[in-house]
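Working notes for the structure below.
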Amino acid sequence: MRKLSILLAGCLLTLSFAAVAKGGGHGGSHASVVHVSGHTTKTGTYVPSHYRTGADSSKSNNWSTKGNVNPYTGKAGTKNPYAH
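Heads up: the sequence shown runs through residues -21 to -1, 1 to 63, numbered per mature numbering (1 follows the signal peptide of the UniProt record, and there is no 0).
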């Protein structure tokens, strides 16, 4: 029983460190994450709920930018941030 308690405590401690290390994605060079609720457009098309990067002045920290990967879909970015 004591070994089980120690193992459980170790697992909880590890998970708490992982949660702190992940952070909220706010600040530094990390883009914030915004949840978009499902909605129907004015043309009648339903758009399911999804996540997107928060609006800011940077074009290089968006998931669709080359060199970045969308953490929710695993899809690599394809857009050139310097193209006009």
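Using N, Cα and C, we set each Cβ at its ideal position, and we do this for glycine too.
>> In this structure, how does DSSP classify K54 when only helix, strand and coil are distinguished?
In response: Translated into the one-based positions of the sequence shown, residue 54 becomes position 75. Coil.
>> Nearest by alpha-carbon distance to G53: which of S43, Y25, P60 and N59 is it?
In response: As a working note, residue 53 is residue 74 in the sequence shown. For G53, the nearest C-alpha among the options comes from S43.
>> In the DSSP output, what is A44 paired with across the bridge?
In response: For this step, residue 44 is matched to residue 65 along the sequence shown. Per the sequence shown, the amino acid found at residue 44 is Thr instead of Ala. Note: T44 sits in a beta bridge opposite K58.
>> Here's the rule: buried if 16 or more other CB atoms are within 10 angstroms of the residue's CB, otherwise exposed. What is N59?
In response: Along the sequence shown, read from residue 1 onward, the residue named residue 59 stands at position 80. When all chains shown are included, N59 counts as exposed.
> Which one of N49, T22 and S36 has the shortest CA to CA distance from H29?
Replying inline: In the sequence shown, the residue the question calls residue 29 occupies position 50. Answer by Cα proximity: N49.
> Where does T20 sit, in a helix, a strand or coil, going by DSSP?
Replying inline: As a first step, residue 20 must be located in the sequence shown, where it is residue number 41. In this structure, T20 counts as coil in the three-state DSSP scheme.
>> Between the alpha carbons of A55 and I(-16), how many angstroms are there, rounded?
In response: Mapped onto the sequence shown, residue 55 falls at position 76. Mapped onto the sequence shown, residue -16 falls at position 6. Those two C-alpha atoms are separated by around 41 Å.
> How far does the beta strand (DSSP E) with H29 in it reach, from first residue to last?
Replying inline: Taking the sequence shown and counting its residues from 1, the one referred to as residue 29 is at position 50. First-last of the beta strand (DSSP E) with H29: H29 to T32.
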